[in-house]
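Only one structure is covered here, and it is reproduced in the block below.
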Amino acid sequence: MADTSSLTSTLHPLEIKVLTALYQHRLSTSSSSQQALREEQIADSASLEPSQLSMAVEWLLTKSFIRVDSEKVTPVVSLTKVGERYFEKYSPLERILSVARDAKQTGRRLTIQDIQAREGLEPTAMSGAIGCLKKEGAIQIVQGGYVEATGSPSPTAESLRALFRDLRGSSRELDSFPEAMRQVIEQHAVRRGNAKEPFRVDERIQRWYVLTPEGQEAAQALARQGRAAITPSSGSLNLTEEVAGLAEEVSQLTPELLKDGAWRTKRFRKYTISLRPPRLAAGRRHPYREFLDQVKRKLVSLGFQEMRGPLVETEFWNMDALYMPQFHPARAIHDVYFVKEPTHATTIAEPFLSRVAATHRNGGETGSTGWGYDYDLTRARRLVLRSQGTAVSARTLAAGPQVPGKYFSIARCFRYDQVDATHATDFFQIEGIVLGSDITFRTLLGLLDLFAREVAQARESRFLPAYFPFTEPSVELHVRHPRLGWIELGGAGLFRPEVTLPLGVDVPVIAWGLGLDRMAMVALDIHDIRDLFSTDLEMIRTTRGHF
Amino acid sequence: MPTISINRKDFEQLIGQPATDEQIADWLPLVKGELKEQDSKTGELRIELQDSNRPDLWSCEGIARQIRLKLAGAVSPYPFFKSTRRPTRRLLVSPGLEHVRPYVAACTAVGYAVTDEGLAQLIQVQEKLSDIFGRKRHTVSIGLYRLSQIEFPVHYDLVKQDEARFTPLGFEQTMSLSEILTVHPKGLEYGPILAGHELVPLLRDKAGRVLSLPPIINSREVGEVRVEDRELFVEVTGTDLSMAILTLNILAVNLADRGATIEPVEVDYPSATSLGRAVQTPLDFGKLQSIPIKTIETALGQTLDAKTIQSALRSYGYEVSAVRNKLSVKPPPYRNDLMHTVDVAEDVAISLGYERFEPEMPTQFTVGSLSRLEQVSDKIRDLMVGFGFQEIISNILASRLELVERMRLAGSEWDRLVEVENVMSQSYACLRQWITPSLLRVEAASSRAFYPHRLFEVGEVVIPDPTDVMGSRTCTALGVLIAHAGANFSEVHSCLDLLLFYLNQPYTLEPMNHPSFLEGRVGRIESKGRTLGLIGELHPETLEHWQVSLPAAAFQLEVDALAEEHKS
Numbered sequence: 000m001a002d003t004s005s006l007t008s009t010l011h012p013l014e015i016k017v018l019t020a021l022y023q024h025r026l027s028t029s030s031s032s033q034q035a036l037r038e039e040q041i042a043d044s045a046s047l048e049p050s051q052l053s054m055a056v057e058w059l060l061t062k063s064f065i066r067v068d069s070e071k072v073t074p075v076v077s078l079t080k081v082g083e084r085y086f087e088k089y090s091p092l093e094r095i096l097s098v099a100r101d102a103k104q105t106g107r108r109l110t111i112q113d114i115q116a117r118e119g120l121e122p123t124a125m126s127g128a129i130g131c132l133k134k135e136g137a138i139q140i141v142q143g144g145y146v147e148a149t150g151s152p153s154p155t156a157e158s159l160r161a162l163f164r165d166l167r168g169s170s171r172e173l174d175s176f177p178e179a180m181r182q183v184i185e186q187h188a189v190r191r192g193n194a195k196e197p198f199r200v201d202e203r204i205q206r207w208y209v210l211t212p213e214g215q216e217a218a219q220a221l222a223r224q225g226r227a228a229i230t231p232s233s234g235s236l237n238l239t240e241e242v243a244g245l246a247e248e249v250s251q252l253t254p255e256l257l258k259d260g261a262w263r264t265k266r267f268r269k270y271t272i273s274l275r276p277p278r279l280a281a282g283r284r285h286p287y288r289e290f291l292d293q294v295k296r297k298l299v300s301l302g303f304q305e306m307r308g309p310l311v312e313t314e315f316w317n318m319d320a321l322y323m324p325q326f327h328p329a330r331a332i333h334d335v336y337f338v339k340e341p342t343h344a345t346t347i348a349e350p351f352l353s354r355v356a357a358t359h360r361n362g363g364e365t366g367s368t369g370w371g372y373d374y375d376l377t378r379a380r381r382l383v384l385r386s387q388g389t390a391v392s393a394r395t396l397a398a399g400p401q402v403p404g405k406y407f408s409i410a411r412c413f414r415y416d417q418v419d420a421t422h423a424t425d426f427f428q429i430e431g432i433v434l435g436s437d438i439t440f441r442t443l444l445g446l447l448d449l450f451a452r453e454v455a456q457a458r459e460s461r462f463l464p465a466y467f468p469f470t471e472p473s474v475e476l477h478v479r480h481p482r483l484g485w486i487e488l489g490g491a492g493l494f495r496p497e498v499t500l501p502l503g504v505d506v507p508v509i510a511w512g513l514g515l516d517r518m519a520m521v522a523l524d525i526h527d528i529r530d531l532f533s534t535d536l537e538m539i540r541t542t543r544g545h546f
Numbered sequence: 000m001p002t003i004s005i006n007r008k009d010f011e012q013l014i015g016q017p018a019t020d021e022q023i024a025d026w027l028p029l030v031k032g033e034l035k036e037q038d039s040k041t042g043e044l045r046i047e048l049q050d051s052n053r054p055d056l057w058s059c060e061g062i063a064r065q066i067r068l069k070l071a072g073a074v075s076p077y078p079f080f081k082s083t084r085r086p087t088r089r090l091l092v093s094p095g096l097e098h099v100r101p102y103v104a105a106c107t108a109v110g111y112a113v114t115d116e117g118l119a120q121l122i123q124v125q126e127k128l129s130d131i132f133g134r135k136r137h138t139v140s141i142g143l144y145r146l147s148q149i150e151f152p153v154h155y156d157l158v159k160q161d162e163a164r165f166t167p168l169g170f171e172q173t174m175s176l177s178e179i180l181t182v183h184p185k186g187l188e189y190g191p192i193l194a195g196h197e198l199v200p201l202l203r204d205k206a207g208r209v210l211s212l213p214p215i216i217n218s219r220e221v222g223e224v225r226v227e228d229r230e231l232f233v234e235v236t237g238t239d240l241s242m243a244i245l246t247l248n249i250l251a252v253n254l255a256d257r258g259a260t261i262e263p264v265e266v267d268y269p270s271a272t273s274l275g276r277a278v279q280t281p282l283d284f285g286k287l288q289s290i291p292i293k294t295i296e297t298a299l300g301q302t303l304d305a306k307t308i309q310s311a312l313r314s315y316g317y318e319v320s321a322v323r324n325k326l327s328v329k330p331p332p333y334r335n336d337l338m339h340t341v342d343v344a345e346d347v348a349i350s351l352g353y354e355r356f357e358p359e360m361p362t363q364f365t366v367g368s369l370s371r372l373e374q375v376s377d378k379i380r381d382l383m384v385g386f387g388f389q390e391i392i393s394n395i396l397a398s399r400l401e402l403v404e405r406m407r408l409a410g411s412e413w414d415r416l417v418e419v420e421n422v423m424s425q426s427y428a429c430l431r432q433w434i435t436p437s438l439l440r441v442e443a444a445s446s447r448a449f450y451p452h453r454l455f456e457v458g459e460v461v462i463p464d465p466t467d468v469m470g471s472r473t474c475t476a477l478g479v480l481i482a483h484a485g486a487n488f489s490e491v492h493s494c495l496d497l498l499l500f501y502l503n504q505p506y507t508l509e510p511m512n513h514p515s516f517l518e519g520r521v522g523r524i525e526s527k528g529r530t531l532g533l534i535g536e537l538h539p540e541t542l543e544h545w546q547v548s549l550p551a552a553a554f555q556l557e558v559d560a561l562a563e564e565h566k567s
């Protein structure tokens, strides 16, 4: 046994802190049975990081200044990497429940396979979660194999969420949780053969330490030497500057440290900078908007003025003014949404109504034979949801447009379609008109060439004959898209005189429309047209555009 | 519009030469056709035909005809359109049909033994013509029969539903007309065309043998054409005389292209039609048109000499002659789609090929600009993004459940909506009248997206307005919603306050009651005596209805009003 005073002179500041903490504790307790301190208690009163504590304890054990008084084994729960991910992105069970509840609200029906495909879950994860949710009565499987949310809560889902939150970044003793949660933990804990679980239960060995007589002597010596100030009555421990200055490490630079210059005496804890940072809830334009904005800017830069029109239209502006006969197959109940109330507009502006009616009947003053049928003036007033952006062009023609003039609109349109991955019931149409005395079939092709280069960045394009009721000649523009290969980019043509003359325009007019949804979907890397108007905030936040 | 199947070998026979894939691809623009699929084993080609005004192209014969013309460079006319001899066969129309299904056109085709592929095409063209051109048999329907079974004249009669019986196609036993209308699948499908008529049309021959109950079903004995049949009777009934005749013309040229000899039939009406009392069909009702060459040149933006235009039109099926600076043109009898000279100009361009026309940039200068409304919308989007809000774009169609009921607005002054009459899905049955429900829809679907949630949308809404000519107004509005554990009025108020500061819009908040929001925590946003919108903390019951489990606060602003005010 060496001389304690010589020993104390070689003590490391960390060791001094631990010795002092144990000595302090001893002085403040009368009972000898309560003299031992747990690791955390020592760390607390000595203000030590766990790693510092374990170093100091190890050294002091070697020097026989402290000894282990007792040991206890405690199960401790923490999140695995899977668990950390579930905290942010949700566990399969929570996701299944959420999808089922969303589906119920929107009236969609999903099978287990649908959910599995949609969420990209593994079959084993699926079956366990489905089984659990079914057992709890939160979902049921109805005829046809559809998963249906019952509206009842899922205690497991709720427990999981609470546990992810509580355990994120720290561990807790298993026994600190109520029985029900302990069961959930045990069901979802990593064990052999099942590594992909969110929780890990480790056995933590806790040890209580006491001072040996030598340790006690050393501590007293330290106090005498003034290297540690002991205040027996209060719990506080005042180390001298020497000890504090050597050991103190701070994690955050504070205004106070800057103000009084104390940062000079601190050491700053080093960060593990390779860790992923916490996520930012940022403000951002919708990714589809970014795409549309780009098109919008491009069109303005090419000399186009924006035009707008109402969502509820009359059949007159939506179709009649575009020389689509009232018996046209695309006007039937199966293509257009009709307004329930009121069913008709009160009037249609003259002289347009009379002129369009005459044009349909016998060509009117347009030099056309007309469609030769009994034009129905009441039908003209029938209210519909705008089914094509060309309705906006028709209104612009009637409103006295500039000549020469270029116009465009990004118009929300509605079609009576069963909604699926390739059909939307309301969607944007990008279209417009060009008026001018220099407009001919060849300038039409020139304009389309311009769109191919400027809007689609295509080097190659070709023109094919097409059919639209309101244009003649009509053209389809096909381009070689850098990523998609040959696609149909749009349709265009010269408005028929039956369209322009009754609306008071006597120069040739190009009507064009661009089908950009497919390009938008490629740019946004989505495969379902419904996702352009997604209600999934996570998806909107994480969709990048490739423009 | 229709997509049809043709057999490659059959097609090659009809054009009179073999065709490579490249040739077919080159020719299809002549018929505005697009090859959708091809089966190299069976030789089947699926072709979509765009032009809804060219029913003559909706068959293998039609496509082949247009291409054959191009290859030959000239028309070989169909003689039966020019026949001056009075037809030996007649079809007599009874009085009264003018109120039910007034018109009929008919002819016979002999000397062509129907082949497998010919029969398939006959059935397909019959289906496409009566379905699409004839609007599901409403305006036009077609019957094909074995001529040998028929004694002329044929009678087109109007009869009581229990007056006649016959065995319809697809059945073994005879049925009365009323039974056919109520039991036969075709009767159930097309019967509604005759709804409201006690007397129905019936085609019978001289001996009283029933040919068919138009537009429902043929007789099985007379009206079932088979492969190897060499003598056919073809009729078309309908509600439009020129459409019925055009349909018959198309069927006649199709059969003629396969080698049949067409004999016209005379249809005798009880009173005069636009074409007289006795109408001989098929009938070429095409008229000569005189078109200045200049008109075509101007439309196409290219100088073309008379010879080029003439040969382009001839090889597209027209009869053409040039007189000085004008062309005299007549379309082929199987077409009735030329309403204006622009139609002829397009045919010139298609016949020459669009690639013959050099694109030319429009040269006139114009100034581009966004609408005032869009400029203000963009400014608002920029500000909201800067405030940390995520933009949302929603469907404008929604359900009454979402727009009214979940918002606790049923029975309130805010419960009126523009609704759709022909609802496809209840989820898309109404136009939204405000944006807050769209944002709650996102919130409800996004409980697993990390918090806080700060959302906005600048978009269109439709406000019912009985004083408006259209009964409603389309407006642009800004909707803002926050949802997180501490979301409250004060936070959205701060956002509104700063937004209106930057938009230079002084405002006051006036307390109001609105069922979607908590009483005492909702207000009208007012400016210069005008209401710009509303702001509040959402009512817990509203949140419950949406199954949103965190507090939320929202405001909505009329952007139209701001755009007017914002003019500086």
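Chain order of the listed sequences is A and B. Mapping of the first sequence onto numbering that gives the first Met the number 0: position 78 corresponds to residue 77, and the numbering continues sequentially without gaps. Mapping of the second sequence onto numbering that gives the first Met the number 0: position 460 corresponds to residue 459, and the numbering continues sequentially without gaps. For each residue, glycine too, the CB sits at the ideal point set by N, CA and C.
DSSP on residue i, reduced to helix/strand/coil?
i                     : result
residue 130 (chain B) : helix
residue 234 (chain A) : Confidence at residue 234 (chain A) is low in this model, with a pLDDT of 41, below 50, so the placement of that residue is unreliable and no value is reported for it.
residue 592 (chain A) : One cannot answer for residue 592 (chain A) here, as it falls past the ends of chain A, which runs 0 to 546.
residue 253 (chain B) : helix
residue 285 (chain A) : coil
residue 54 (chain A)  : helix
residue 48 (chain A)  : coil
residue 343 (chain A) : strand
residue 570 (chain B) : The question about residue 570 (chain B) has no answer here: the residues shown for chain B are numbered 0 through 567.
Interface residues of chain A around residue i at Cβ under 7 Å?
i                     : result
residue 471 (chain B) : 311
residue 344 (chain B) : 472
Find the residues of chain A that neighbour residue i, judging by a C-beta separation of less than 9 Å, and give them in chain order.
i                     : result
residue 427 (chain B) : 336, 413, 418, 424 and 425
residue 353 (chain B) : 440, 444, 461, 462, 463, 464, 472 and 474
State yes or no: is the beta carbon of residue i nearer than 8 Å to at least one beta carbon in chain A?
i                     : result
residue 306 (chain B) : no
residue 487 (chain B) : no
residue 459 (chain B) : yes
Name, in chain order, the residues that DSSP records as bridge partners for residue i.
i                     : result
residue 485 (chain A) : A:479
residue 291 (chain B) : B:325
Check the Cβ-Cβ distances between residue i and every residue of chain B, and say whether any is below 8 Å.
i                     : result
residue 435 (chain A) : yes
residue 539 (chain A) : yes
residue 100 (chain A) : yes
residue 345 (chain A) : yes
residue 280 (chain A) : yes
residue 113 (chain A) : no
Could you work out which residues of chain B lie near residue i, taking near to mean beta carbons separated by less than 8 Å?
i                     : result
residue 328 (chain A) : 0, 51, 131 and 134
residue 548 (chain A) : Residue 548 (chain A) is absent from the structure shown; chain A starts at 0 and stops at 546.
If the cut is a Cβ gap below 7 Å, which residues of chain B does residue i touch?
i                     : result
residue 87 (chain A)  : 449
residue 448 (chain A) : 358
Which chain A residues are close to residue i, counting only those with a beta carbon under 8 Å from its beta carbon?
i                     : result
residue 367 (chain B) : 298, 299, 300, 301, 302, 303, 304 and 405
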